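Residue numbering for the sequence shown is 0 to 300, as defined by numbering that gives the first Met the number 0. In this text, a Cβ means the ideal position worked out from N, Cα and C, and glycines have one as well. Nothing here was measured: the structure is a model prediction, and the numbers come from that model. These notes concern the structure reproduced below.
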Amino acid sequence: MPYIIGLDIGATKIRGGLIEKKRKKIIKRIELPTQAKKTKQIVLKNIFHAVEGLWTKNIEAIGIGVAGQVDYKKGLVLRAANFSPSFSNVPLGKILNRKFKVPVFIDNDAHLFTLAESVYGEAQKHKFVIGITLGTGIGGGIVINKKIYRGMNNAAGEVGHMIIDTSSLKTKLRCGCGKGNHWEAYASGQAMVKLYKHFTGRNQNTFKIEEEAKGGGEIARTVINIMVDFLAQGLANIIHILNPEIIAIGGGLSRVDILIRPAIYETKKLLLYPSLAKTKIVKSKLGQDAGILGAALITRT
Ligand SMILES: [Zn+2]
């Protein structure tokens, strides 16, 4: 029976799955740390371990999503913002092909998340789909008729770095890319942590901040309310430009209902006319499997 290996390589974790090609089911999973800030050699060793941990007879191909800029034709990871600088221009496709002797396909992780959503997830009945990965940063993908829209050189969908109006907030937050006024800096997990620190002087993770807000904590609530407005701005911009049928939101922060629900409500208020508000905005139900399934899907092409 033929199998596919799908890997989702984030800055924190490598998540992998062994997928039975016919039933399109994940039959084995693996998860290990990426150690993205360490050297290229260490990251590669972790990727090898993930593949070896899933290896079986009859592997037909390996599909990989990477949180970074990818030349999918050459199987090249050009740049991954949250990785060490040594992990640039890495011919990951060639390296893995040489080691494991099967075809290897690589793309940006948010592109693959969106592809998985449009084939298996909330968006499977829709033709024009936007996927947003809301985690430490914000990634985006555009899928039309089950095909990834890549733009000129596969950089389409870099929504995390769209410029938004942040004048309502006195303090300025810097984006991971080094610039200011970027959506990702104001509406992602890193924004939540930074805003909380700004108001309290304390470091706190997003789980604790969410818990505190749910328990009525005033500062945590303020942080979330600020983020609701910024999240809505970005979503409204996307709808104005692309008029998609559906936006699926995934990534770690999509679990935070008290952020996502009001943001969807506020987004609709920012839209120019009622037909734009027909875009459905939903939370992904595939969860962490989306990245793995999306990675397996690109091996078809
Ligand atoms: Zn940026």
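Problem set entry | According to DSSP, residues forming a beta bridge with E30 | R14
Exercise. Would DSSP call T132 helix, strand or coil?
Worked result: strand
Problem set entry | For G64 and G250, believed in contact at Cβ under 8 Å, the rounded distance | Contact doesn't hold; Cβ gap of about 13 Å is too wide.
Exercise. Skipping 5 residues on each side, what residues in its chain have a beta carbon closer than 8 Å to that of G134?
Worked result: G9, S187, G188, G250, G251, L252
Exercise. Alpha carbon to alpha carbon, how far is D70 from I218?
Worked result: 42 Å
Exercise. Can you tell me whether A212 is buried or exposed, with buried defined as 16 or more other CB within 10 angstroms of its CB?
Worked result: buried
For this session: Look at S283 and E121 and say whether their C-beta atoms are less than 8 Å apart.
Result: yes
Exercise. Thinking just about the alpha-carbon of each residue, which of E244, F86, E209 is nearest to the one in T33?
Worked result: F86
Problem set entry | For E183 and H160, the rounded distance between their alpha carbons | 6 Å
Exercise. Apart from the five residues just before and just after T266, which ones in its own chain have a Cβ nearer than 6 Å to its Cβ?
Worked result: A231, L234, A235
Exercise. How far does the alpha helix (DSSP H) with Y185 in it reach, from first residue to last?
Worked result: 182 to 186
For this session: Using alpha carbons as the reference points, say which of G15, I58, I25, K36 lies closest to M0.
Result: I58
Problem set entry | Distance between I13 and R66 (C-alpha atoms, nearest Å) | With the sequence shown as reference, residue 66 is identified as Ala, and Arg is not the correct amino acid for it. One C-alpha to the other measures close to 11 Å.
Exercise. DSSP puts K279 in a beta bridge; with which residues?
Worked result: I245
Problem set entry | Length of the line joining the Cα atoms of V118 and K171 | 39 Å
For this session: Could you give the DSSP three-state label for E121: helix, strand or coil?
Result: coil
For this session: Just the C-alpha distance for K126 and R201, rounded to the nearest angstrom, thanks.
Result: 45 Å
Exercise. Which value, in whole angstroms, describes the spacing of the CA atoms of P273 and I238?
Worked result: 12 Å
For this session: Using only the heavy atoms of ligand 1, determine whether one of them is closer than 7 Å to the beta carbon of K193.
Result: no
For this session: Go ahead and label D164 buried or exposed: buried means 16 or more other beta carbons lie within 10 angstroms of its beta carbon, across all protein chains shown.
Result: exposed
Exercise. What did DSSP end up calling G214 once you bin it into helix, strand or coil?
Worked result: coil
For this session: For ligand 1, enumerate in chain order all residues having a CB closer than 7 Å to any of its heavy atoms.
Result: G159, H160, C174, G175, C176, K178, H181, E183, A184
For this session: Could you work out which residue in M151, A155, I225, K27 is closest to N107 when comparing CA atoms only?
Result: A155
Exercise. Per DSSP, what kind of secondary structure is D164 in: helix, strand or coil?
Worked result: coil
For this session: For Y71, name the three-state secondary structure that DSSP assigns.
Result: coil
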